[in-house]
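Q: Chains A and B supply the protein sequences, listed in that same order. Per my numbering, the very first residue in the first sequence carries number 660; after that it's consecutive. Per my numbering, the very first residue in the second sequence carries number 24; after that it's consecutive. Ideal Cβ placement from N, Cα and C applies to all residues, glycine included.
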Amino acid sequence: MNQPIQDLELVSVTKRYGNTIAVDAINHHFRPASYTCLLGPSGCGKSSTLRMIAGHESVSDGAINLAGRDISHLPPARRGTAMMFQSYALFPHLSVTDNVAFSLKMKGVDVGERRNKAHEMLELVDLSAMAQRLPDQLSGGQQQRVALARALITRPQVLLLDEPLSALDPFLRIRMRGELRKLQRELGISFIHVTHGQDEALALADEIVVMNNAVIEQAGPARDVFNAPRTRFVAQFMGGHNVVALPEGHFAIRTDAVGVGAPGSGIAASVTGIEYQGTHVSVLARIAGDQEVTALVPDTEFFSSPRSPGDPVGLVWDARNLHKLTA
Amino acid sequence: MALVLLVFLVAPIVMIAVVSFWQATEFSIIPAFEFDNYEFLFGSSVTYRVFVNTFKYALITWAFTFLIGFAVAYFLAFHVRSLTWQIALFLLCTIPFWTSNIIRMISWIPFLGRNGIANSALMSWGVIDAPLDWLLFSDFAVILAFVHLYTLFMVVPIFNTMMRIDRALIEAARDAGANGLQILWNVIVPLCKPGIMIGSIFVITLVMGDFITVRFMSGSQSANVGRLISNDIALLQYPSAAATAMVLLATVLIVIAILLRFVDIRKEL
Numbered sequence: 660m661n662q663p664i665q666d667l668e669l670v671s672v673t674k675r676y677g678n679t680i681a682v683d684a685i686n687h688h689f690r691p692a693s694y695t696c697l698l699g700p701s702g703c704g705k706s707s708t709l710r711m712i713a714g715h716e717s718v719s720d721g722a723i724n725l726a727g728r729d730i731s732h733l734p735p736a737r738r739g740t741a742m743m744f745q746s747y748a749l750f751p752h753l754s755v756t757d758n759v760a761f762s763l764k765m766k767g768v769d770v771g772e773r774r775n776k777a778h779e780m781l782e783l784v785d786l787s788a789m790a791q792r793l794p795d796q797l798s799g800g801q802q803q804r805v806a807l808a809r810a811l812i813t814r815p816q817v818l819l820l821d822e823p824l825s826a827l828d829p830f831l832r833i834r835m836r837g838e839l840r841k842l843q844r845e846l847g848i849s850f851i852h853v854t855h856g857q858d859e860a861l862a863l864a865d866e867i868v869v870m871n872n873a874v875i876e877q878a879g880p881a882r883d884v885f886n887a888p889r890t891r892f893v894a895q896f897m898g899g900h901n902v903v904a905l906p907e908g909h910f911a912i913r914t915d916a917v918g919v920g921a922p923g924s925g926i927a928a929s930v931t932g933i934e935y936q937g938t939h940v941s942v943l944a945r946i947a948g949d950q951e952v953t954a955l956v957p958d959t960e961f962f963s964s965p966r967s968p969g970d971p972v973g974l975v976w977d978a979r980n981l982h983k984l985t986a
Numbered sequence: 024m025a026l027v028l029l030v031f032l033v034a035p036i037v038m039i040a041v042v043s044f045w046q047a048t049e050f051s052i053i054p055a056f057e058f059d060n061y062e063f064l065f066g067s068s069v070t071y072r073v074f075v076n077t078f079k080y081a082l083i084t085w086a087f088t089f090l091i092g093f094a095v096a097y098f099l100a101f102h103v104r105s106l107t108w109q110i111a112l113f114l115l116c117t118i119p120f121w122t123s124n125i126i127r128m129i130s131w132i133p134f135l136g137r138n139g140i141a142n143s144a145l146m147s148w149g150v151i152d153a154p155l156d157w158l159l160f161s162d163f164a165v166i167l168a169f170v171h172l173y174t175l176f177m178v179v180p181i182f183n184t185m186m187r188i189d190r191a192l193i194e195a196a197r198d199a200g201a202n203g204l205q206i207l208w209n210v211i212v213p214l215c216k217p218g219i220m221i222g223s224i225f226v227i228t229l230v231m232g233d234f235i236t237v238r239f240m241s242g243s244q245s246a247n248v249g250r251l252i253s254n255d256i257a258l259l260q261y262p263s264a265a266a267t268a269m270v271l272l273a274t275v276l277i278v279i280a281i282l283l284r285f286v287d288i289r290k291e292l
């Protein structure tokens, strides 16, 4: 066993609710001390997967291994994981300090010591000034940091975050994701973050696991998943891709890898729509077989030879940018 | 709204307060402003004994209704998973309320009597040799009837607050390593406090103001303040009854004020 100690591994993990299968025999090896995002539409099984790792949902089949031991049937607190809940689930009747110190109280740590530990944690999340407040006297971002401190005080090897940013407004969401990333680097533990936002996943994750219909569609480093989707679902869900049917099969190509040329060059197409997006212009064109293809053209390039709907154009791309889809 | 309150709440209480200062003899009632009624009331050892007895009933009944009410509400809120079943069982709890208080109370009599069902059953099982006397017409019977009549007033508000507890809080507590008992004590009970308090106020005011249950179930052998008042009224001693009523009202208000100091129920209303 020369594996690093913090490895988390899912072995054929399955979750059934009656006859419906929420998670279908998934296998995944989470790299230690990395930030992983479980990404997918609602109902794809990502939350069930997270809750099974946390121990809040029983595993119907398969095993979850952490640091070389099977944790699939241990109670949540003995797994070495900690969970941060979607709505934070702070205890409304307890002060910030008591919320953070809750798990220590359950263990029977005495008041003085658990207050000290809680204050250390609050310093880590930069919330010492709010220690005496009640949760509903805090803003959304502050509540989230309390929830983080409460989860981290148990010194987990893996922190599980269930859509942690969905309750925040867009501005705060971007700031908090920076803080999450920074915290993960500082602590050097694994974060597993469930989200349905591909931009959030791309911004945060070392590794993205895209799920759909109870299975993992594709997993890998963020850039690989975005740049080289393997299935039609991943290409469409990650966005920024065209899925085109060519005689050799289905391919994904990034919208910014499609160029708009003069009629006669490349593939014959006719412009059906133009959308100005600031730095880029999105040109929607129809090619043979009634397929819509989007080309994202830098604005200076577009305005040097503007097109309008109805114009015939030629779409050009480098064949190396085509990624063959398996499904 | 204000008018309704004025006519049906404030005016009668003011009337009672006024009458409590009147003078009464065996055959007449004289409007006056005297403290005779109160002097007599506070000077009599009977008053203190009856008040102590009233508090005793209130306290014991409260303890039992709380324990049973909390358990029932907990079962309904946390163990019954489907909403349909929750509603069905909840309605089941209310079925006894389709009949009147008195009928529910009186129906205990054949059950608890000397030759009643309880005694004959216990005797036929060989648990006891002679009928138990204390089953009926005793403090036991009074408290049993109170608990039977008023537990639902505890169940409803506690169930209501329990249903509002975010289930994620329970998971968060479990994630932090709390066991079932710790979750109950550190999360559920504190969050149910407003419901417990509302239920307690219902039960305590109902028990302290009751006279009919005590009369029927104790076989007129025990007294509480309500019976003191009803006896005075039966003897046409309205001023004395009014004075006792004022003291009882003040006592109940003080008890509620003390309860409200512990918990802020405004969030619930």
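#1: Can you grab the Cα-Cα spacing for the pair N678 (chain A) / C703 (chain A), in whole Å?
#2: Compare the Cα-Cα distances from I833 (chain A) to each of A:H852, A:A862 and A:E822 and report the closest residue.
#3: Can you find the residues in the same chain that come closer than 6 Å, C-beta to C-beta, to N724 (chain A), ignoring five residues on each side of it along the sequence?
#4: With a cut-off of 8 Å, does the C-beta of A736 (chain A) fall near any C-beta of chain B?
#5: For D152 (chain B) and W131 (chain B), what's the separation of their Cα atoms in angstroms?
#6: Measuring CB to CB, does A987 (chain A) end up less than 8 Å from L831 (chain A)?
#7: If we define contact as Cβ-Cβ less than 8 Å, is F761 (chain A) a contact residue for chain B?
#8: Cβ of L192 (chain B) less than 8 Å from any chain A Cβ?
#9: Run through DSSP, which three-state label would M660 (chain A) get?
#10: From what residue to what residue does the beta strand (DSSP E) around I851 (chain A) run?
#11: How many Å lie between V170 (chain B) and T84 (chain B) at the Cα?
#12: State the start and end residues of the unbroken alpha helix (DSSP H) segment that holds I36 (chain B).
#13: Using a 10 Å radius around the Cβ and a threshold of 16 neighbouring Cβ atoms, would you call L82 (chain B) buried or exposed?
#14: Taking only the alpha-carbon atoms, compute the straight-line gap between G92 (chain B) and Q205 (chain B) and give it to the nearest angstrom.
#15: Can you say whether G747 (chain A) is buried or exposed, counting buried as having 16 or more other CB atoms within 10 angstroms of its CB?
#16: Whole alpha helix (DSSP H) runs in the stretch 679-736 of chain A with 4 or more residues, listed along the chain?
#17: Just checking, does the stretch 959-966 of chain A make contact with the stretch 925-943 of chain A on the three C-beta pairs under 8 Å criterion?
#18: Can you tell me which of A:L733, A:L753, A:G837 and A:A921 puts its alpha carbon nearest to the alpha carbon of A790 (chain A)?
#19: Would S754 (chain A) count as contacting chain B if we go by Cβ distances under 8 Å?
#20: Thinking just about the alpha-carbon of each residue, which of A:R737, A:R844, A:S929 and A:P734 is nearest to the one in G973 (chain A)?
#21: Buried or exposed: where does V150 (chain B) fall if 16 or more other Cβ atoms within 10 Å of its Cβ makes it buried?
#22: Which term fits Q803 (chain A), buried or exposed, when burial requires 16 or more other beta carbons within 10 angstroms of its beta carbon?
#23: Please state the DSSP three-state secondary structure of F896 (chain A).
#24: Would DSSP call H939 (chain A) helix, strand or coil?
#25: Work out the CA separation of F961 (chain A) and N980 (chain A) for me, nearest whole Å.
#26: Rounded to whole angstroms, what's the CA-CA distance from G232 (chain B) to I110 (chain B)? Just pull it up for me.
#27: I need the straight-line Cα distance from Q662 (chain A) to D729 (chain A), nearest angstrom please.
#28: Determine the DSSP secondary structure at E859 (chain A), reduced to helix, strand or coil.
#29: Using 8 Å for Cβ pairs, my map puts T751 (chain A) next to P794 (chain A). What's the rounded Cβ distance?
#30: Kindly give me the distance between the Cβ atoms of L749 (chain A) and A692 (chain A), rounded to whole angstroms, as I take these residues to be in contact under 8 Å.
#31: For a contact defined as C-beta to C-beta under 9 Å, what are the partners of T813 (chain A) on chain B?
#32: Relative to the C-alpha of A911 (chain A), which candidate in A:G925, A:V874, A:D977 and A:E866 has its C-alpha closest?
#33: When the distance is taken between beta carbons, is E866 (chain A) closer than 8 Å to A881 (chain A)?
#34: From the DSSP output, in three-state form, read off L668 (chain A) for me.
#35: For the candidate residues B:A268, B:V95 and B:S245, whose alpha-carbon lies nearest to that of D255 (chain B)?
#36: Whether or not the stretch 187-198 of chain B and the stretch 245-262 of chain B are in contact is what I'm after, with contact meaning three or more pairs of Cβ atoms, one per stretch, closer than 8 Å; do they touch?
A: This is what the structure gives:
#1: As a first step, residue 678 (chain A) must be located in the first sequence, where it is residue number 19. As a first step, residue 703 (chain A) must be located in the first sequence, where it is residue number 44. Looking at the two C-alpha atoms, the distance is approximately 16 Å.
#2: Residue 833 (chain A) sits at position 174 when you count from the first residue of the first sequence. Closest option to I833 (chain A), Cα to Cα, is A:A862.
#3: Locating residue 724 (chain A) in the first sequence gives position 65, where the first residue counts as 1. For N724 (chain A), where only same-chain residues beyond five positions count, the Cβ hits under 6 Å are E668.
#4: Locating residue 736 (chain A) in the first sequence gives position 77, counting from the first residue. So, interface residue.
#5: As a first step, residue 152 (chain B) must be located in the second sequence, where it is residue number 129. As a first step, residue 131 (chain B) must be located in the second sequence, where it is residue number 108. C-alpha separation (whole angstroms): 22 Å.
#6: In the structure as shown, chain A starts at 660 and stops at 986, and residue 987 (chain A) therefore has no counterpart that could be examined.
#7: Within the first sequence, numbered from 1, the residue matching residue 761 (chain A) stands at position 102. Yes, contact with chain B.
#8: What you label residue 192 (chain B) is simply residue 169 of the second sequence in a count that begins at 1. Yes, contact with chain A.
#9: Position 1 of the first sequence holds residue 660 (chain A). Unreliable positioning characterises M660 (chain A) in this predicted model, as indicated by a pLDDT of 39, which lies under 50. A coordinate reading is not provided.
#10: Here residue 851 (chain A) is taken as the residue at index 192 of the first sequence, counted from 1. Element bounds for I851 (chain A): S849 to T854.
#11: Within the second sequence, numbered from 1, the residue matching residue 170 (chain B) stands at position 147. Within the second sequence, numbered from 1, the residue matching residue 84 (chain B) stands at position 61. Their Cα atoms are separated by approximately 6 Å.
#12: Start at 1 with the first residue of the second sequence, and residue 36 (chain B) comes out as number 13. Counting along the chain, the alpha helix (DSSP H) containing I36 (chain B) begins and ends at A34 to V42.
#13: Stepping through the second sequence from its first residue, residue 82 (chain B) is reached at position 59. Exposed is the call here.
#14: Your numbering for residue 92 (chain B) matches position 69 in the second sequence. Your numbering for residue 205 (chain B) matches position 182 in the second sequence. Going from the Cα of G92 (chain B) to the Cα of Q205 (chain B) covers about 20 Å.
#15: As a first step, residue 747 (chain A) is located in the first sequence; it is residue number 88 there, counting from the start. Per the sequence shown, residue 747 (chain A) should be read as Tyr rather than Gly. That one is buried.
#16: 705-713
#17: yes
#18: As a first step, residue 790 (chain A) is located in the first sequence; it is residue number 131 there, counting from the start. Checked all of A:L733, A:L753, A:G837 and A:A921; the closest Cα to A790 (chain A) is A:L753.
#19: Looking up residue 754 (chain A) in the first sequence gives position 95. S754 (chain A) does not count as touching chain B.
#20: The count along the first sequence starts at 1 and reaches residue 973 (chain A) at position 314. Checking every option, the nearest Cα to that of G973 (chain A) belongs to A:S929.
#21: Numbered from 1 along the second sequence, position 127 holds the residue referred to as residue 150 (chain B). Label assigned to V150 (chain B): exposed.
#22: Residue 803 (chain A) sits at position 144 when you count from the first residue of the first sequence. So Q803 (chain A) counts as buried.
#23: For the purposes of this step, residue 896 (chain A) is identified with residue 237 of the first sequence, where counting begins at 1. Three-state result, F896 (chain A): helix.
#24: Residue 939 (chain A) sits at position 280 when you count from the first residue of the first sequence. Three-state DSSP puts H939 (chain A) in a strand.
#25: Here the question's residue 980 (chain A) lines up with position 321 in the first sequence. Here the question's residue 961 (chain A) lines up with position 302 in the first sequence. Taking the straight line joining both Cα atoms gives about 21 Å.
#26: Translated into the one-based positions of the second sequence, residue 232 (chain B) becomes position 209. Translated into the one-based positions of the second sequence, residue 110 (chain B) becomes position 87. When rounded, the distance between both Cα atoms is 31 Å.
#27: Counting from 1 along the first sequence, the entry for residue 662 (chain A) is found at position 3. Counting from 1 along the first sequence, the entry for residue 729 (chain A) is found at position 70. Bear in mind that a pLDDT of 44 at Q662 (chain A), under 50, signals an unreliable position, so the number given afterwards is only what the model happens to contain. Roughly 15 Å separates the two Cα atoms.
#28: Taking the first sequence and counting its residues from 1, one reaches residue 859 (chain A) at position 200. The answer is helix: DSSP assigns E859 (chain A) an H, G or I state.
#29: Your numbering for residue 751 (chain A) matches position 92 in the first sequence. Your numbering for residue 794 (chain A) matches position 135 in the first sequence. It is Pro, not Thr, that sits at residue 751 (chain A) in the sequence shown. About 6 Å; that satisfies the 8 Å criterion.
#30: For the purposes of this step, residue 749 (chain A) is identified with residue 90 of the first sequence, where counting begins at 1. For the purposes of this step, residue 692 (chain A) is identified with residue 33 of the first sequence, where counting begins at 1. Wrong, their Cβ atoms sit about 27 Å apart, outside the cutoff.
#31: On the first sequence, position 154 is the one that residue 813 (chain A) refers to. By Cβ distance, chain B contributes D198, A199 and G200.
#32: Sequence index remark: in the first sequence, residue 911 (chain A) carries index 252 (1-based). Looking at the Cα atoms, A:D977 is the closest of the given residues.
#33: Residue mapping note: residue 881 (chain A) aligns to position 222 of the first sequence, counting from 1. Residue mapping note: residue 866 (chain A) aligns to position 207 of the first sequence, counting from 1. Yes, the pair counts as a contact, with Cβ atoms nearer than the cut-off.
#34: Within the first sequence, residue 668 (chain A) is the residue found at index 9, counting from 1. The question names Leu, but residue 668 (chain A) is Glu in the sequence shown. Residue state, collapsed to three classes: strand.
#35: For this step, residue 255 (chain B) is matched to residue 232 along the second sequence. It is B:A268 whose Cα lies nearest to the Cα of D255 (chain B).
#36: no
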